[in-house]
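Below is one structure; the comments refer to it alone.
In full-length UniProt numbering, the protein residues as written are 1 to 507.
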């Protein structure tokens, strides 16, 4: 028998083996080229982020997922919410977008498995964050020298927080983990930008921050994201759609938002995956709450970040976020810090503003032109300065008008004038973590006739403490671009982060 290189392998068998090897290499090369072509034409499927769009039912089946929550209050100031979201089998009645068909081949199954793995990784990270934060809530004494961080000292030395350790740990976990996907759909000027000055400035500044591409919280791919931001501007909708057409009913605002959700739920799987529980919007316009008019069931889990945080109009503190209303001067990011020392403030209480809404009418009835120590004006004389009056006052009255929110609250904080909140259903900004009783006073509408007596009953030492705390809390109501630790934009993100921590997504 002939051999090859003195090998016992027969020559015919060797040629068969060689031929089989070449055939195998040929098919392997073809497979590799097909995979390469797939990743070239679908770059979002490459690397670690396998964005599986083609194997989902993308009709607006927000009822295909079920969410159940149980709420309980805790002494540390955080709301304890246990949530699980899992797949159900119900319909919603508005599925006008057809589901996308797909072929259940190897590639689809592989990408589907990778997508689940990405979700699992996100949820495991959130679970670790929850455990770390819960541990921090139980810490009563912390050795500041072991941290070596000035930011921790800033938080720990203040009584303005419900639980300083829990807040600090939660904020650090947020900065380490949180990723936000800002949807790219929609056109200017209604989407992707908003007003950056005047009373709606927080709406536009937040949108611009997330659209800038400079935020450390921006996700490069939606599979990275813990939460999803819908960057439409209610203020711009009011200006460019409803103002030119004043007869247009407000329910058209809901139609716009519903159509936007229909688009993103058709293009991505994320809305249907969570029933909107990890999606949020930001609005400082009075009409912000009206997006749910006509279709409230669509927004049952959706996080609304609103200046008009009115519980009588459907605002839910455990789901929604109260946004501070900040009136920024044109071309500026900060409000001037004004105010004399406590001993130099000669006016007990001050208010000047238009008379709209029931509460302000009651205030005017009892205090307008009635007392030199409680100075209440509907129109301030031109010879007097509004800012100077605030700077000379110990307390600044902040009654709700037609809407519960007012830029006067933040103006008071920066003027060193202790805010006096007079409202029936206003949820104060960042009250998840801030203890407003430490730097503000709340007076019921029924007690408006007793304003002077109530404010005079506060001791000088307690007032000095409240005045000092105002300086500390100013950091949380300051807008920076790009945002900085503990500033207003990051406090908004932290409020959204807390609500995302309270929701668990189950594949």
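We put the beta carbon where it would ideally sit given N, CA and C, even for glycine.
Grouping DSSP H, G and I as helix and E and B as strand, with all else coil, what is residue i?
| i | result |
| --- | --- |
| residue 292 | helix |
| residue 229 | strand |
| residue 342 | helix |
| residue 181 | strand |
| residue 316 | coil |
| residue 304 | strand |
| residue 132 | helix |
| residue 326 | coil |
| residue 260 | helix |
| residue 397 | strand |
| residue 505 | strand |
| residue 480 | coil |
| residue 375 | strand |
| residue 218 | strand |
Output yes or no for whether 9 Å exceeds the beta carbon distance between residue i and residue j.
| i | j | result |
| --- | --- | --- |
| residue 285 | residue 235 | yes |
| residue 306 | residue 315 | yes |
| residue 440 | residue 418 | yes |
| residue 340 | residue 420 | no |
| residue 321 | residue 499 | yes |
| residue 408 | residue 357 | no |
| residue 347 | residue 394 | yes |
Alpha helix (DSSP H) containing residue i: first to last residue?
| i | result |
| --- | --- |
| residue 164 | 164-177 |
| residue 161 | Here residue 161 belongs to no alpha helix (DSSP H), and DSSP marks it neither H nor E. |
| residue 456 | 451-456 |
Kindly give me the distance between the Cβ atoms of residue i and residue j, rounded to whole angstroms, as I take these residues to be in contact under 8 Å.
| i | j | result |
| --- | --- | --- |
| residue 378 | residue 355 | 5 Å |
| residue 310 | residue 404 | 5 Å |
| residue 209 | residue 233 | Actually they are not in contact, since the Cβ atoms of residue 209 and residue 233 sit about 13 Å apart, beyond 8 Å. |
| residue 335 | residue 240 | Residue 335 to residue 240, Cβ: 28 Å. No contact. |
| residue 211 | residue 231 | 6 Å |
| residue 251 | residue 199 | Actually they do not touch by this definition, with Cβ atoms about 24 Å apart. |
| residue 483 | residue 475 | That pair is no contact at about 12 Å. |
| residue 289 | residue 308 | 6 Å |
| residue 445 | residue 376 | Incorrect: roughly 15 Å between the Cβ atoms, too far for contact. |
In or out: residue i buried (at least 16 other Cβ within 10 Å) or exposed?
| i | result |
| --- | --- |
| residue 450 | exposed |
| residue 220 | exposed |
| residue 494 | buried |
| residue 279 | buried |
| residue 389 | buried |
| residue 167 | buried |
| residue 530 | No information on residue 530 is available, as it lies outside the stretch 1 to 507 that the chain covers here. |
| residue 464 | exposed |
| residue 488 | buried |
| residue 304 | buried |
| residue 504 | buried |
| residue 136 | buried |
What is the residue span of the beta strand (DSSP E) that residue i lies within?
| i | result |
| --- | --- |
| residue 363 | No beta strand (DSSP E) contains residue 363, which is instead part of the alpha helix (DSSP H) from 358-367. |
| residue 281 | 279-283 |
| residue 348 | 347-352 |
| residue 420 | 418-422 |
| residue 472 | From DSSP, residue 472 is part of no beta strand (DSSP E) but of the alpha helix (DSSP H) over 460-473. |
| residue 439 | Premise fails: residue 439 is in no beta strand (DSSP E) and is neither H nor E. |
| residue 205 | Not the beta strand (DSSP E): residue 205 falls in the alpha helix (DSSP H), residues 201-211. |
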